[in-house]
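Here is the structure we will look at, set down as structure tokens.
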Amino acid sequence: MRSFDDLVLSCAVTGAIHTPTMSPSLPITPEEIAEEAIAAADAGANVVHVHVRDPETGEPVNDFDLFDEVATRIRKESDAIVQPTTGGEPSSPPRERIGVVPRLAPEMASCNMGSINFGLYPLLERYDEFEHDWEEPYLEGTKDLIFRNTFGDLETILPVFDAHGTKPELECYDVGHLYNAKHLLDRGLLESPLHLQFVLGIHGGIGADAANLTHMHRVAEDLFGEQYSFSVIGAGRNEFPLGLQAISMGGHARVGLEDNLYLRKGELAESNADLVAKLVDLAAEQTGREPASPNQVREFLDLKG
Ligand code: KMH
Ligand code: ZN
Numbered sequence: 007m008r009s010f011d012d013l014v015l016s017c018a019v020t021g022a023i024h025t026p027t028m029s030p031s032l033p034i035t036p037e038e039i040a041e042e043a044i045a046a047a048d049a050g051a052n053v054v055h056v057h058v059r060d061p062e063t064g065e066p067v068n069d070f071d072l073f074d075e076v077a078t079r080i081r082k083e084s085d086a087i088v089q090p091t092t093g094g095e096p097s098s099p100p101r102e103r104i105g106v107v108p109r110l111a112p113e114m115a116s117c118n119m120g121s122i123n124f125g126l127y128p129l130l131e132r133y134d135e136f137e138h139d140w141e142e143p144y145l146e147g148t149k150d151l152i153f154r155n156t157f158g159d160l161e162t163i164l165p166v167f168d169a170h171g172t173k174p175e176l177e178c179y180d181v182g183h184l185y186n187a188k189h190l191l192d193r194g195l196l197e198s199p200l201h202l203q204f205v206l207g208i209h210g211g212i213g214a215d216a217a218n219l220t221h222m223h224r225v226a227e228d229l230f231g232e233q234y235s236f237s238v239i240g241a242g243r244n245e246f247p248l249g250l251q252a253i254s255m256g257g258h259a260r261v262g263l264e265d266n267l268y269l270r271k272g273e274l275a276e277s278n279a280d281l282v283a284k285l286v287d288l289a290a291e292q293t294g295r296e297p298a299s300p301n302q303v304r305e306f307l308d309l310k311g
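Just so we're aligned, residue 7 is where the sequence shown starts under this note's numbering, counting upward by one.
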């Protein structure tokens, strides 16, 4: 693993899975998404991961004008790295989701390393208390979702990253996705060093526990040696325990309302910035590590800036 004393701390401010009925804090409009991202950056996030939503319904969309508006607003007020999703509206095919890369030519964007079942039943059961309405039309497509990212899709979209100088952050939802990344590296579709995001706790992916994070790290060590760095997403209540574990292993972490709505058990987070501030405090107190500046991250990850 590549060493870096400071932290790459990402904040995923809205995502595509949580619905406005689950938390009043979830940003929906481009103004809200940008404001949340800027505040998260002020609290210590050096990367802000953004999706966009229909301002009227909250539905996740692949609307590149909205992405452009969000990115422009953030860049006016912050030098954080704006990382758009290419997971976008997750029931749409990758060839549609990738459109954000030619449109924004971002320095980094997410890139999902394989297909998975993406099950929402456990999540929605958990949020029953918010009187979540199963009939919300845009959830229809995600009730039994295959999050599609085939080898053929990756062969199509990775050259688009390359053509725009956009570094892919490789979202790995299971151990097999690390082998997919190795395969794509060997075929010259990815370039070292890789920046991996281990995603633990999605229903359909690897479970969120300490042993699984250790295993993902061990497999990455075997496959990529000194030529990679990693960050972790612990979905839901696993955000802080797994984030802190990753940081104590020399890795990096992501927090945010895309992945987790709660500051602690029973207490909804009022903002993304609160989630960032909590991990910044935990990391400093428990490991002595602090977030790098965005420019230090640019240098470490060799972003075009
Ligand atoms: N939704 C997360 C589990 C993406 O946007 O491309 C992973 C993610 C992927 O953020
Ligand atoms: Zn995302």
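All C-beta atoms in this analysis are idealised placements derived from N, C-alpha and C, irrespective of residue type, glycine included. Computed from a predicted structure; not experimentally measured.
Exercise. Mind checking residue 84: buried by the 16 CB within 10 Å criterion, or exposed?
Worked result: buried
Exercise. Identify the residues that DSSP records as bridge partners of residue 325: which are they?
Worked result: Any question about residue 325 goes unanswered here, given that the chain covers just 7 to 311.
Exercise. Which residues in the same chain have their Cβ closer than 6 angstroms to the Cβ of residue 140, if we skip the five residues on either side of it in sequence?
Worked result: Confidence in residue 140 is poor, its pLDDT being 48 and thus under 50, which makes the residue's placement too unreliable to answer from.
Problem set entry | Simplified DSSP state of residue 212, which is helix, strand or coil | Judged by DSSP in its simplified three-state form, residue 212 adopts coil rather than helix or strand.
Problem set entry | Pick from 183, 240, 19, 215 that is closest to residue 225, judged by C-alpha positions | Checked all of 183, 240, 19, 215; the closest Cα to residue 225 is 183.
Exercise. What distance in whole Å lies between the Cβ atoms of residue 31 and residue 275, which are believed to be in contact at a cut-off of 8 angstroms?
Worked result: 6 angstroms
Problem set entry | Unbroken beta strand (DSSP E) run spanning residue 183, endpoints | It is not in any beta strand (DSSP E) - residue 183 instead sits in the alpha helix (DSSP H) that spans 181-192.
For this session: Flag residue 91 as yes when its Cβ comes closer than 7 angstroms to any non-hydrogen atom of the ligand ZN, and as no otherwise.
Result: Under cutoff, so the answer is yes.
Exercise. Using a Cβ-Cβ cut-off of 8 angstroms (strictly less than) and excluding sequence neighbours within five positions of residue 312, which residues of its own chain qualify?
Worked result: Any property of residue 312 remains undetermined from this structure, which presents the chain solely from 7 to 311.
For this session: Indicate whether the contact test is met: 3 or more Cβ pairs, each with one atom in the stretch 155-168 and one in the stretch 198-210, closer than 8 angstroms.
Result: no
For this session: Check whether the Cβ atoms of residue 241 and residue 207 lie closer than 8 angstroms to each other.
Result: yes
For this session: Determine the extent of the beta strand (DSSP E) in which residue 116 is found, giving its start and end residues.
Result: 114-118
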